[in-house]
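Per numbering that gives the first Met the number 0, the first sequence starts with residue 0, numbered consecutively.
Remarks on the structure that follows.
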Amino acid sequence: MTAEPAQLSDAERIWQVVAGIPPGRVCTYGTVAELAGLPRRARMVGRVLSRLPEGSRLPWHRVVNARGELSLPADSPGAQMQRERLEDEGIGFVRGRIPLTRFGWQG
DNA sequence: GATATGACCGCAA
DNA sequence: TTTGCGGCCATAT
0 MTAEPAQLSD AERIWQVVAG IPPGRVCTYG TVAELAGLPR RARMVGRVLS
50 RLPEGSRLPW HRVVNARGEL SLPADSPGAQ MQRERLEDEG IGFVRGRIPL
100 TRFGWQG
């Protein structure tokens, strides 16, 4: 028989990790993947977030790339919303980047 | 089945 | 500092 996922799927584990990022903190794709038990699968995190519905309450905006930059196209509405929500949480940008040494979250 | 693509990452130069 | 390259892996064609 076609087995339904007995445990949480990869995507569901990623959602759980992202949901656990505290306000005012950011996490990189690679770190999210690792915390989700998927080392070296940063790209999968990006893919999962790109497929989130607009109404999702997941704090996806707290996930940035390893350089502290937003990975969405800068001109996209998503990127602008992401930056706005981050600044609302007190996260500051320095020359277009977030200082991960200060705002990064390790779990 | 093979190839191309993507909200990535780490390292070497 | 930036750039290039290999690695990673689910989806789409």
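Cβ atoms here follow ideal geometry from the backbone N, Cα and C, with glycine treated the same way.
Computed from a prediction, not measured in an experiment: that's the story for all the values here.
Q. The alpha helix (DSSP H) spanning E33 covers which residue range?
A. 28-34
Q) When every heavy atom of the ligand COA is checked, does at least one fall within less than 8 Å of the C-beta of E11? A) In the structure shown, the ligand COA is absent, as is every other ligand, since no ligand is present at all.
Q) What residues are listed by DSSP as bridge partners for R96? A) V93
Q.
Among P38, L34, S8, R61, whose alpha-carbon lies nearest the alpha-carbon of I97?
A. R61
Q | Own chain partners of Q79 with C-beta closer than 8 Å, once the 5 adjacent residues on each side are dropped | A | Taken in chain order, the list of residues that qualify is empty.
Q | G45, DSSP secondary structure in three states | A | helix
Q. If we count the other Cβ atoms within 10 Å of its Cβ and call it buried at 16 or more, is R50 buried or exposed?
A. exposed
**Q.** Nearest-angstrom beta carbon gap, W14 and L57 [assumed within contact, 8 Å]
**A.** 6 Å
Q. Tell me the DSSP bridge mates of V62?
A. C26
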